[in-house]
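Have a look at the structure below before the remarks.
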Amino acid sequence: MIDYCLTYPDAYEDYPFDKLAGAPDAWAVMRHKGSRKSFAFICERGGLCVNLKCEPLRADFLRQVYPGVTPAYHMNKEHWNTVRPDAVPQDALYDMIERSPSLRIPQNL
Numbered sequence: 041m042i043d044y045c046l047t048y049p050d051a052y053e054d055y056p057f058d059k060l061a062g063a064p065d066a067w068a069v070m071r072h073k074g075s076r077k078s079f080a081f082i083c084e085r086g087g088l089c090v091n092l093k094c095e096p097l098r099a100d101f102l103r104q105v106y107p108g109v110t111p112a113y114h115m116n117k118e119h120w121n122t123v124r125p126d127a128v129p130q131d132a133l134y135d136m137i138e139r140s141p142s143l144r145i146p147q148n149l
């Protein structure tokens, strides 16, 4: 998941909530170098999960369609979803990941 997020232009991995990368229950935060805005929060607590930014109407739709998509843990639940990658089709997961940076990163950077 981290490797896939790092394929986005100017993306980098950060661990602002944990002292050590790779520590148990560490949250990897994927950010944009220019704005430092986060677009994905990745963790392995009870299984892999990722928090992704989403348009409010689409967020609600995805929650209704996929049981692996829920209101985001520790985030604004109107705009963020927690996604369990093992509970959604891979193409849907990649689509959600692809949309998240565009909602967080200014287009002029």
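Residue numbering for the sequence shown follows our numbering, starting at 41 and increasing by one per position. All residues carry an ideal CB built from backbone N, CA and C; glycine is no exception.
{"query": "Three-state class that DSSP yields for Pro125 in the structure shown", "result": "helix"}
{"query": "Beta-carbon proximity of Tyr113 to Ala127, cut-off 9 Å", "result": "no"}
{"query": "CB contact check: Lys73 to chain D, cutoff 9 Å", "result": "Although the question refers to chain D, the structure presented lacks it and comprises just one protein chain."}
{"query": "Among Asn116, Val69, Ser142, nearest to Gly84 - alpha-carbon criterion", "result": "According to the sequence as given, residue 84 is Glu; it is not Gly. Among Asn116, Val69, Ser142, the Cα nearest to that of Glu84 is on Val69."}
{"query": "Coarse secondary structure for Leu88, derived from DSSP in three states", "result": "coil"}
{"query": "Contained beta strand (DSSP E) runs [length at least 3] in the stretch 67-112, N- to C-terminal order", "result": "68-72, 78-83, 89-93, 109-111"}
{"query": "8 Å CB neighbourhood of Ala51 in its chain, flanking five on each side removed", "result": "Cys45, Met70, Arg71, His72, Lys73, Phe79, Pro141"}
{"query": "Collapsed DSSP secondary structure at Tyr44 in the structure displayed", "result": "helix"}
{"query": "Nearest residue (CA-CA) to Trp67, options Arg76, Arg139, Glu53", "result": "Glu53"}
{"query": "Backbone secondary structure at Asp54 - three-state DSSP", "result": "strand"}
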